[in-house]
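First up is the structure itself, then whatever we jot down about it.
2 protein chains.
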Amino acid sequence: MKKLIIASTSTLHGGAYLDYLTPTLAEHFSGCRNLVFVPFARPGGMSHDEYTGRAAAYFAKLGIAVKGLHEFTDPAAALTDAEAVFTGGGNTFLLVSQLYKTGSMVPLADAINNGTSYLGSSAGSNICGLTMQTTNDMPIVYPPSFKTLGAIPFNLNPHYLDPQPGSTHMGETRETRIKEFHQFNTQPVLGLREGSWLEVKGSTITLKGDLPARLFQHGQEPVELDAGSDLSTLR
Amino acid sequence: MKKLIIASTSTLHGGAYLDYLTPTLAEHFSGCRNLVFVPFARPGGMSHDEYTGRAAAYFAKLGIAVKGLHEFTDPAAALTDAEAVFTGGGNTFLLVSQLYKTGSMVPLADAINNGTSYLGSSAGSNICGLTMQTTNDMPIVYPPSFKTLGAIPFNLNPHYLDPQPGSTHMGETRETRIKEFHQFNTQPVLGLREGSWLEVKGSTITLKGDLPARLFQHGQEPVELDAGSDLSTLR
């Protein structure tokens, strides 16, 4: 049975790393002793070791030992054998490139389908969608494909930002960008605000956290979905 | 002799399309009677015809007739024969994909090298750099390459935005994104604020407008460059 937590962000403003998710993660990973961390998105360019250390420090509090995917000689086997997987945020182009380069994309998708407990934040959530094409990140490397895990049958926009009232900036708003995406692609896009996450249990997908999410569907006006909404039929 | 105006944005807040650039463009295109408009970036998904109409309405005031590149049966020849070219803003992934798909990327680079007067705004400026990898846009389509015109020997970040004081948003700042770019790429990146543009005359590159620009160089702290700065030796 699929079992995922797909979070907009790892950290809330003024909070500590993953802090707001602790009760959720304690339950989500209950019984897990070991977790494989995918550090490939490298936020701010930090090293794989450094990033894995940050995740390990957090999960120690839950009694879970963390090993970075970069530490395994056979990453595909590591994912297949993993009790649990956490993919951290950073740059989605880099993450997707490294997942393909190390032959990890398909084994990770298979592990998730086979019931390995998964946590994603930011870029690590983005890759749960059908494609990475609704990322906010800069294309700092050229990935072999934009196709991602497809653990949920739509796309995500993490760190969703509403248009800022009174802004004089002329760059496109997030909503405009997603509407441009829908000129060329038909899958729904869920704008997930910081503090929101999706809980996937089997075929049930639920919007969690306190905030509504903004749903963009091809050829339709965007709508707000209340926290607690059931997204299981969205595709 | 190369002759380019490379603008951060087509439009300033509260202003009309290209209005703030009119004195500059009247001089830049002086003597030109016809201009080829590249509408491929399609902001907000507008049609090629509609976008070309917007450009034509503006250039009529300067006595210049506009034809969209999409109206030519042989776009490569159209660019080679053009008196002047303007590439409008929108989505850079879409623009670059269409330039490759129509076989226009190399002819456009050649035309610019051979002295065809060029104007770019936003995405149309981004492609003047070595690669499109410092765009702010969403990857709504998958281009065959991130390599662009290389009309200037560095990269651009149009619509450059300073970190917002007091922001509680946890997404990466523009500066963080560009620093991540420099983990994998060595060319300088110029953050061009709205209202700034580069003037290229032969081998001379000058920062124009009233604002400073922010220069990011590999392995160095970013610096502010005053308006009027000579960027001819930047590479």
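Heads up: the sequence lines are chains A and B, in that order. Residues in the first sequence are numbered consecutively from 1, following the numbering used here. Residues in the second sequence are numbered consecutively from 1001, following the numbering used here. Glycine included, each C-beta is placed from N, C-alpha and C at the ideal position.
Along chain B, which residues have their Cβ under 7 Å away from the Cβ of residue i?
i       : result
V141(A) : F1184
F146(A) : P1139, Y1142
Just checking: is the beta-carbon of residue i within a distance shorter than 8 Å of some beta-carbon in chain B?
i       : result
G166(A) : no
N34(A)  : no
T11(A)  : yes
Just list the residues that DSSP pairs residue i with in beta bridges.
i        : result
S10(A)   : S10(A) is not bridged to any residue.
A1213(B) : L1225(B)
D74(A)   : For D74(A), which the question treats as bridged, DSSP gives no partner whatsoever.
K208(A)  : W197(A)
D1162(B) : The partner list for D1162(B) (beta bridge, DSSP) is empty, contrary to what the question assumes.
F37(A)   : G68(A), F86(A)
I5(A)    : L119(A), E199(A)
N155(A)  : V189(A)
T233(A)  : DSSP output for T233(A) lists no bridge partner at all.
K260(A)  : Beyond the ends of chain A as shown, which are 1 and 235, falls residue 260(A); an answer cannot be given.
Less than 6 Å between C-beta atoms, sequence neighbours within five positions excluded: which residues of the same chain meet that for residue i?
i        : result
A1109(B) : L1149
S1196(B) : S1008, G1209, L1211, A1213
F216(A)  : I178, V189, P222
M1(A)    : G115, G202
P163(A)  : T173
Y1020(B) : L1012
V200(A)  : K2, L4
V38(A)   : L69, T87
Output, in chain order, the set of chain B residues within a Cβ distance shorter than 8 Å of residue i.
i       : result
M105(A) : The premise fails here: M105(A) is roughly 15 Å from chain B at the closest Cβ pair, so nothing lies under 8 Å.
F154(A) : The premise fails here: F154(A) is roughly 15 Å from chain B at the closest Cβ pair, so nothing lies under 8 Å.
K179(A) : G1044, G1045
If I measure Cβ to Cβ from residue i and keep anything under 7 Å in the same chain, skipping five residues before and after, which residues do I get?
i        : result
Y17(A)   : S10, T11, R54, Y58
L1094(B) : F1040, A1041, R1042, I1140, V1141
S232(A)  : S203, T204, I205
T24(A)   : I5
P165(A)  : none
Using CA atoms only, rank isn't needed, just tell me which of the options is closest to residue i.
i        : options                                : result
I112(A)  : R235(A), Y100(A), I127(A)              : I127(A)
T173(A)  : N185(A), Y160(A), F93(A)               : Y160(A)
A77(A)   : V36(A), E199(A), L130(A)               : V36(A)
L1099(B) : A1227(B), G1191(B), P1144(B)           : P1144(B)
G1088(B) : M1046(B), T1134(B), A1060(B)           : M1046(B)
T1052(B) : H1028(B), G1090(B), S1030(B), F1184(B) : G1090(B)
P158(A)  : L198(A), S167(A), E180(A)              : L198(A)
G31(A)   : G129(A), F72(A), S117(A)               : S117(A)
G1014(B) : F29(A), T168(A), A60(A), D49(A)        : T168(A)
E1071(B) : G1120(B), S1121(B), D1049(B)           : D1049(B)
N1244(B) : F1029(B), A1123(B), G1228(B), A1060(B) : With chain B represented from 1001 up to 1235, any question about residue 1244(B) goes unanswered, as that position is not in the structure.
L192(A)  : H218(A), E224(A), T22(A)               : E224(A)
T186(A)  : L234(A), S125(A), S229(A)              : L234(A)
P1153(B) : G1166(B), G1129(B), F1029(B)           : G1129(B)
F184(A)  : P165(A), E194(A), G219(A)              : G219(A)
E1175(B) : M138(A), H182(A), E194(A)              : M138(A)
H28(A)   : V85(A), T73(A), G44(A)                 : V85(A)
S1121(B) : G44(A), T22(A), M170(A), T73(A)        : M170(A)
T1022(B) : I1006(B), K1061(B), P1165(B)           : K1061(B)
G1044(B) : G228(A), H182(A), S229(A)              : H182(A)
A26(A)   : E194(A), S125(A), L119(A), S229(A)     : L119(A)
E292(A)  : A56(A), S125(A), K67(A)                : Absent from the model: residue 292(A). The displayed extent of chain A is 1 to 235, so no value can be given.
Within 8 Å (strictly less), CB to CB, does residue i reach chain E?
i        : result
T1052(B) : The chain inventory of the structure shown lacks chain E, comprising the protein chains A and B.
Below 8 Å CB to CB, which residues in the same chain sit around residue i once its five sequence neighbours on both sides are set aside?
i        : result
P75(A)   : L69, T102, G103, S104, P107
T1080(B) : P1107, D1110, A1111
D226(A)  : L207, P212
R33(A)   : G63, I64, A65, E83
F1146(B) : V1096, T1131, M1132, Q1133
E1180(B) : E1172
Taking residue i as the query, report the chain A residues whose CB atoms sit under 9 Å from its CB, ordered along the chain.
i        : result
G1120(B) : Simply none; closest approach about 15 Å.
E1071(B) : Those do not exist, as E1071(B) stays about 20 Å from chain A at its closest Cβ, beyond 9 Å.
Against residue i, what residues of chain B qualify as contacts under a CB-to-CB distance less than 9 Å, listed in chain order?
i       : result
Q133(A) : F1093, M1138, P1139, I1140, V1141, Y1142
Quick one: does residue i have its CB under 8 Å from some CB of chain A?
i        : result
G1044(B) : yes
T1024(B) : no
F1086(B) : no
T1204(B) : no
T1176(B) : yes
E1194(B) : yes
List, in order along the chain, the chain A residues whose C-beta lies closer than 8 Å to that of residue i?
i        : result
L1161(B) : H169, G171
Taking 7 Å as the cut-off, is the C-beta of residue i nearer than that to any heavy atom in the ligand NAD?
i        : result
G1103(B) : With respect to small molecules bound, the structure shown includes none, and the ligand NAD cannot be examined in it.
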